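Working notes, beginning with the structure itself.
Number of protein chains: 2
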Amino acid sequence: MRTLSVALSDRSYDIHIGPNLLDRVQLITDRLPTAQAAVVSNTIVAPLYLARVTESLRAAGIRVTEIVLPDGESHKNWETLNTIFDGLLANRCDRSTTIVALGGGVIGDLAGFAAATYQRGVPFIQIPTTLLAQVDSSVGGKTGINHPRGKNMIGAFWQPKVVLAGTDTLATLPDRELSAGLAEVIKYGLIRDLPFLEWIEANLDRLMARDADALAYAIERSCANKAEVVAGDERETAKDNGRALLNLGHTFGHAIETGIGYGEWLHGEAVAAGMVMAAELSNRLGWLNRADVERVCSVLARARLPVVGASLGPDRYLDLMGHDKKVIAGRLRLVLLKRLGEATTWADAPPGEIRAAIDACCA
Amino acid sequence: MRTLSVALSDRSYDIHIGPNLLDRVQLITDRLPTAQAAVVSNTIVAPLYLARVTESLRAAGIRVTEIVLPDGESHKNWETLNTIFDGLLANRCDRSTTIVALGGGVIGDLAGFAAATYQRGVPFIQIPTTLLAQVDSSVGGKTGINHPRGKNMIGAFWQPKVVLAGTDTLATLPDRELSAGLAEVIKYGLIRDLPFLEWIEANLDRLMARDADALAYAIERSCANKAEVVAGDERETAKDNGRALLNLGHTFGHAIETGIGYGEWLHGEAVAAGMVMAAELSNRLGWLNRADVERVCSVLARARLPVVGASLGPDRYLDLMGHDKKVIAGRLRLVLLKRLGEATTWADAPPGEIRAAIDACCA
Chain A
33 MRTLSVALSD RSYDIHIGPN LLDRVQLITD RLPTAQAAVV SNTIVAPLYL
83 ARVTESLRAA GIRVTEIVLP DGESHKNWET LNTIFDGLLA NRCDRSTTIV
133 ALGGGVIGDL AGFAAATYQR GVPFIQIPTT LLAQVDSSVG GKTGINHPRG
183 KNMIGAFWQP KVVLAGTDTL ATLPDRELSA GLAEVIKYGL IRDLPFLEWI
233 EANLDRLMAR DADALAYAIE RSCANKAEVV AGDERETAKD NGRALLNLGH
283 TFGHAIETGI GYGEWLHGEA VAAGMVMAAE LSNRLGWLNR ADVERVCSVL
333 ARARLPVVGA SLGPDRYLDL MGHDKKVIAG RLRLVLLKRL GEATTWADAP
383 PGEIRAAIDA CCA
Chain B
33 MRTLSVALSD RSYDIHIGPN LLDRVQLITD RLPTAQAAVV SNTIVAPLYL
83 ARVTESLRAA GIRVTEIVLP DGESHKNWET LNTIFDGLLA NRCDRSTTIV
133 ALGGGVIGDL AGFAAATYQR GVPFIQIPTT LLAQVDSSVG GKTGINHPRG
183 KNMIGAFWQP KVVLAGTDTL ATLPDRELSA GLAEVIKYGL IRDLPFLEWI
233 EANLDRLMAR DADALAYAIE RSCANKAEVV AGDERETAKD NGRALLNLGH
283 TFGHAIETGI GYGEWLHGEA VAAGMVMAAE LSNRLGWLNR ADVERVCSVL
333 ARARLPVVGA SLGPDRYLDL MGHDKKVIAG RLRLVLLKRL GEATTWADAP
383 PGEIRAAIDA CCA
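Residue numbers (the numbering used here), protein chains in the order written: chain A, 33 to 395; chain B, 33 to 395.
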């Protein structure tokens, strides 16, 4: 088991990475203020792993409430959130109850937002079971739900007490979701870690073959990168180049997700296509050369990720991007690449170039 | 104008109290990070004061979005909250937009929770227009909405940047709401400030006649008491005798509000009846004598507040109180009075005595 620490003063916490963490119940019980927990999962993950978690918790004397939600980004909304509140209240969970998220990014976002707002805040633990959740959603405390007018528009920052990233749970992950997770892994290389990008390029076949050691290393290095960024800018308030850099490809990607309807494209897929658009625009600004853009496309394509965006048309993209949280005082701030391994926030991209980059990257 | 400071390290803020604060727009504009604000009000308050606020903001160069909600505790729910989100998104309010609550406690709770969760948190300013909101809801950062199974079950702690308690807005307050506010004023005397209780008893006729100086003094002293308590226990995590003391009468009162249906009883009215139950139970535990209990009833009755609870029956009360946030690990913690001017949290009241106290205080 590898352990990383996320340094956030009194909200600091550990991320444990390795096989069979679901059986190491003490990693959870050590963090519970009282012997009460509510495990939130979904209809896909619950049959695979829920009993393993709840039975070991109960054997340790914990009163456990189980809440099973429908699966998918299309359910990351108020109705599903309310299902969690209903379950907590029906089981008389009080505000010392720890909410445990067992599932992918959607479960983490929903359960985390429920933890942030149930009785004005209860403790929270993450057990991410997808690669994307392990390398991204479970680090940094972002929680929330979607609004019909925009993704993640309603939410809170709420840090977990501990994160258990069990590599064995990746064995049951569909291929498409493995690829979606790799999009975020590749992102860390692109924005701030060129040696890691080179390692990914050299080891992509092992990652695609689910080599346990390669995956554990990729998770650890991704989480370490994210933890460093988050520690420097917990609430994404830095004007430039703080936590916002983690959003490479996300503003374009959110437009795809919102424009097509949540759930059609996986988040990681939309981010992949969005990173290509960001690379294309970076090229048009004179920062990346054509070979760099091709290199971005190539590593994403090898991970079986889309490198061509949804055909919404530039107008619709720009309209949807105008709702993005990265808009500050009316100006669209994008994350672009100064070079491979170094991202920057940029509010001065000419709208014509943004349109041209979108056009160039859509079918 | 009197100004109090609430000391919460980097979340500290000022409360200004006095006449005509709505016209002193600089008290607001000084706190805006960008020239964008969204003023949230309701159908009762908006015709009286909304234009005065928004016109002066616009004259100062601020882009203002107006959001007007239906009035009343029965609307303190997800649907109404979503009306705020819809208004913010439709007007493309970004996360530098400051949300301004203009209204009573319900507006403060709704707008504050919207501020805590819109794009994971935006700045917030309170302009409370009712006595209850001025002395209670606007201090301390509690925000939230009701759930069919319990009051204030969903929410967050979110501190305002500044509070403007304008005493002239109390001129338009219905008598019943003035009384409801006085319930919380009296509460501060009961829980921690016997000299203030004595001042209230001596000046209750002036308060009921809306004497401006008497009201300003009562607001200031109430806010000062609350600010001291909150500064010592911002998130109500103290095991004993911290912020929880502010909930005198609230656990019983919430049972009335939930049991009868939100909106029938005003919050302050339910708290008044709840404080009588707490005093009665304190007497049964040997802490207050009968004359003390009568004194509590007398000052509340002089403020035209109910001193007899809703006839739900002790079983229903206890069931509803079991959902209360003051339940920790299955034990009901009540706020009771050791003596007039000194409250304590208490988890050891025998259930039989709780039932007897409820019985004694219901019609």
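All C-beta atoms, glycine included, are put in the ideal place defined by N, C-alpha and C.
Keep in mind it's a predicted model, so treat the numbers as computed, not measured.
Beta carbon proximity, residue i to chain A, threshold 8 Å
i                      : result
residue 156 of chain B : no
residue 189 of chain B : yes
residue 121 of chain B : yes
residue 319 of chain B : no
residue 179 of chain B : yes
Proximal chain B residues relative to residue i, where beta-carbon distance stays under 9 Å
i                      : result
residue 297 of chain A : Here the premise fails: no neighbours, minimum Cβ distance about 21 Å.
Within chain B, partners of residue i - CB distance below 7 Å
i                      : result
residue 115 of chain A : Within 7 Å Cβ-Cβ: nothing; residue 115 of chain A doesn't reach chain B, min ~12 Å.
Euclidean distance between Cα positions of residue i and residue j
i                      : j                      : result
residue 340 of chain B : residue 324 of chain B : 16 Å
residue 363 of chain A : residue 249 of chain A : 38 Å
residue 181 of chain A : residue 135 of chain A : 25 Å
residue 296 of chain B : residue 122 of chain B : 33 Å
residue 353 of chain A : residue 183 of chain A : 11 Å
residue 255 of chain B : residue 87 of chain A  : 49 Å
residue 282 of chain B : residue 167 of chain A : 44 Å
residue 139 of chain A : residue 113 of chain A : 10 Å
residue 265 of chain A : residue 272 of chain A : 10 Å
residue 308 of chain B : residue 394 of chain B : 10 Å
residue 73 of chain B  : residue 62 of chain A  : 45 Å
residue 40 of chain B  : residue 193 of chain B : 11 Å
residue 342 of chain A : residue 220 of chain A : 24 Å
residue 36 of chain B  : residue 50 of chain B  : 12 Å
residue 381 of chain B : residue 268 of chain A : 46 Å
residue 91 of chain B  : residue 159 of chain B : 19 Å
residue 127 of chain A : residue 150 of chain A : 7 Å
residue 162 of chain B : residue 239 of chain B : 14 Å
residue 204 of chain A : residue 314 of chain B : 59 Å
residue 89 of chain A  : residue 132 of chain A : 11 Å
residue 226 of chain A : residue 373 of chain A : 4 Å
Cutoff 6 Å; reference residue i; Cβ partners in own chain excluding five residues on either side
i                      : result
residue 215 of chain A : 300, 303, 304 and 337
residue 375 of chain B : 223, 277, 280, 367 and 369
residue 212 of chain A : 164, 298, 300 and 301
residue 243 of chain B : none
residue 285 of chain A : 302, 303 and 306
residue 119 of chain B : 99
residue 129 of chain B : 68, 70 and 154
residue 233 of chain B : 331
residue 53 of chain B  : 196 and 198
Closer than 8 Å to chain B by CB, residue i
i                      : result
residue 82 of chain A  : no
residue 137 of chain A : no
residue 110 of chain A : yes
residue 124 of chain A : yes
Residues that residue i contacts on chain A, provided the C-beta gap is smaller than 8 Å
i                      : result
residue 353 of chain B : Going along chain A, no residue has its Cβ under 8 Å from residue 353 of chain B, so there is no contact; the nearest lies around 11 Å.
residue 150 of chain B : 185 and 186
residue 182 of chain B : 121
Cβ neighbours of residue i in the same chain (closer than 7 Å, five flanking residues each side left out)
i                      : result
residue 38 of chain B  : 44, 45, 47, 171, 259, 262 and 263
residue 290 of chain B : 182, 183 and 352
residue 186 of chain B : 176, 177 and 179
Cross-chain neighbours of residue i in chain B, by beta carbon under 8 Å
i                      : result
residue 174 of chain A : 152
Chain-ordered chain A contacts of residue i [CB-CB under 7 Å]
i                      : result
residue 378 of chain B : The premise fails here: residue 378 of chain B is roughly 17 Å from chain A at the closest Cβ pair, so nothing lies under 7 Å.
Contacting residues, own chain, Cβ-Cβ under 8 Å from residue i (five flanking each side not counted)
i                      : result
residue 93 of chain B  : 67
residue 190 of chain A : 144, 145, 147, 148, 153, 156, 173 and 175
residue 207 of chain A : 336
residue 115 of chain A : 99 and 101
residue 319 of chain B : 368, 369, 370 and 371
- For the segment 68 to 122 of chain B, list the alpha helix (DSSP H) runs that are entirely contained and at least 4 residues long, ordered along the chain. DSSP runs (the alpha helix (DSSP H)) wholly in the segment 68 to 122 of chain B: 83 to 91 and 110 to 122.
- Mind listing, in chain order, the continuous alpha helix (DSSP H) runs of no fewer than 4 residues lying wholly within the segment 296 to 346 of chain A? If we require 4 residues or more, the alpha helix (DSSP H) runs fully inside the segment 296 to 346 of chain A come out as 299 to 316 and 322 to 334.
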